[in-house]
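**Q** The structure that follows is given in the form of structure tokens.
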Amino acid sequence: MDVFYREGYTDIEMEAGAYLSAVYEMFRPKRHPVDEIVNLYPIQFDLGIIHYASDTPLSKGRNLG
């Protein structure tokens, strides 16, 4: 995950992995790459993911406010 922090990303969506892998394999007929950032911009349909932030991201004792 260090590469994401170096690139300025501070939020990681982890539940959509299987869905995004299937989308990638739909527009590129090969297995999705491992340990690299991919670009889904050229897909031929709209793609949306609903994301939420938990108010207890690390533990019950620490929250966002």
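18 is the number that this note's numbering gives to position 35 of the sequence shown; each next residue is one higher, with no gaps.
We treat Cβ as the ideally placed atom computed from N, Cα and C, and that holds for glycine.
1. For glycine -9, does the three-state DSSP call read helix, strand or coil?
2. List the whole-angstrom C-beta distance separating tyrosine 2 from valine 21, where the pair is believed to meet the contact cut-off of C-beta under 8 Å.
3. Looking at C-alpha atoms only, which residue of Pro12, Ala(-1), Met9, Glu19 is the closest neighbour of aspartate -15?
4. Hey, would you say isoleucine 26 sits closer than 8 Å to phenylalanine 10, going by beta carbons?
5. Tell me which residue opens and which closes the alpha helix (DSSP H) that methionine 9 is part of.
**A** On the basis of the coordinates in this document:
1. It is coil, neither helix nor strand.
2. That belief does not hold up - the Cβ atoms of tyrosine 2 and valine 21 are roughly 13 Å apart, past 8 Å.
3. Residue Glu19 is the option with its Cα nearest to aspartate -15.
4. Yes, Cβ-Cβ distance for isoleucine 26 and phenylalanine 10 is below 8 Å.
5. Counting along the chain, the unbroken alpha helix (DSSP H) around methionine 9 starts and ends at 0 to 10.
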